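Peer 1:
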């Protein structure tokens with residue numbers, strides 16, 4: 055993913071710390087402790103990137119790399135198995151280095167963010183998108 059345009063958080067003035075909280079310490083809730091927030095142009099570019107990489111779940115194939123919200127984490131995972139079932143589409147992805155996996159169940163209308171072998175082609179289309187270009191740091 056590209057680097058999106060950001061600006062200094064006005065709540066913590068870029069320090070990433072604000073007032074003290076018993077549960078989270080001094081983490082600024084405005085920026086999540088980063089000290090920077092994504093600008094409107096950055097969010098628009100992020101939305102354009104997501105739209106260019108979003109496909110219907112029923113088009114997934116083994117080898118696709120999907121972005122998923124797992125119950126314990128979120129991130130990129132390689133699809134190792136796709137199975138059509140009565141209750142939806144079951145997608146199996148590894149979740150650890152020791153052979154663990156999880157199964158994600160999607161209904162027929164679901165969409166997912168995916169990286170495929172044609173990533174260069176997708177990025178070439180984004181390179182002509184003015185909203186995307188305005189919001190990224192080159």
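In the numbering used here, the protein residues as written are 55 to 192.
A virtual CB, placed ideally from N, CA and C, is assigned to each residue, including glycine.
Bear in mind the structure is a predicted one, so any value in this text is a computation, not a measurement.
(1) Can residue 189 and residue 95 be called in contact, C-beta distance under 8 angstroms?
(2) Would you check if the distance between the CB atom of residue 58 and the CB atom of residue 99 is smaller than 8 angstroms?
(3) For residue 137, report the span of its alpha helix (DSSP H) as first-last.
(4) Skipping 5 residues on each side, what residues in its chain have a beta carbon closer than 6 angstroms to that of residue 144?
(5) Closest to residue 191 by C-alpha separation, out of 173, 85, 97, would be which residue?
(6) At what residues does the beta strand (DSSP E) containing residue 114 begin and finish?
(7) Closer than 8 angstroms is the cut-off here; do at least three beta carbon pairs connect the segment 79-86 with the segment 60-71?
(8) Between residue 61 and residue 91, how many whole angstroms is the CB-CB distance? I'm expecting something under 8 angstroms.
(9) Quick one: grab the DSSP three-state call for residue 191.
Peer 2: Working from what's here:
(1) In the chain shown, counting from the first residue as 1, residue 189 sits at position 135. In the chain shown, counting from the first residue as 1, residue 95 sits at position 41. Yes, the pair counts as a contact, with Cβ atoms nearer than the cut-off.
(2) Working through the chain shown from its first residue, we reach residue 58 at position 4. Working through the chain shown from its first residue, we reach residue 99 at position 45. Going by C-beta atoms, residue 58 is nearer than 8 angstroms to residue 99.
(3) On the chain shown, residue 137 is found 83 positions in, with the first residue counted as 1. No alpha helix (DSSP H) contains residue 137, which is instead part of the beta strand (DSSP E) from 135-139.
(4) As a position in the chain shown, residue 144 is number 90, starting the count at 1. 137, 157, 159, listed in sequence order.
(5) The residue labelled residue 191 in the question sits at position 137 within the chain shown. Closest by alpha carbon: 97.
(6) To locate residue 114, count along the chain shown from 1; it is residue 60. From DSSP, residue 114 is part of no beta strand (DSSP E); its letter is neither H nor E.
(7) yes
(8) For the purposes of this step, residue 61 is taken as the residue at position 7 of the chain shown. For the purposes of this step, residue 91 is taken as the residue at position 37 of the chain shown. Yes, residue 61 and residue 91 are in contact; Cβ-Cβ is about 6 angstroms, under 8 angstroms.
(9) Residue 191 sits at position 137 when you count from the first residue of the chain shown. Coil at residue 191, not helix or strand.
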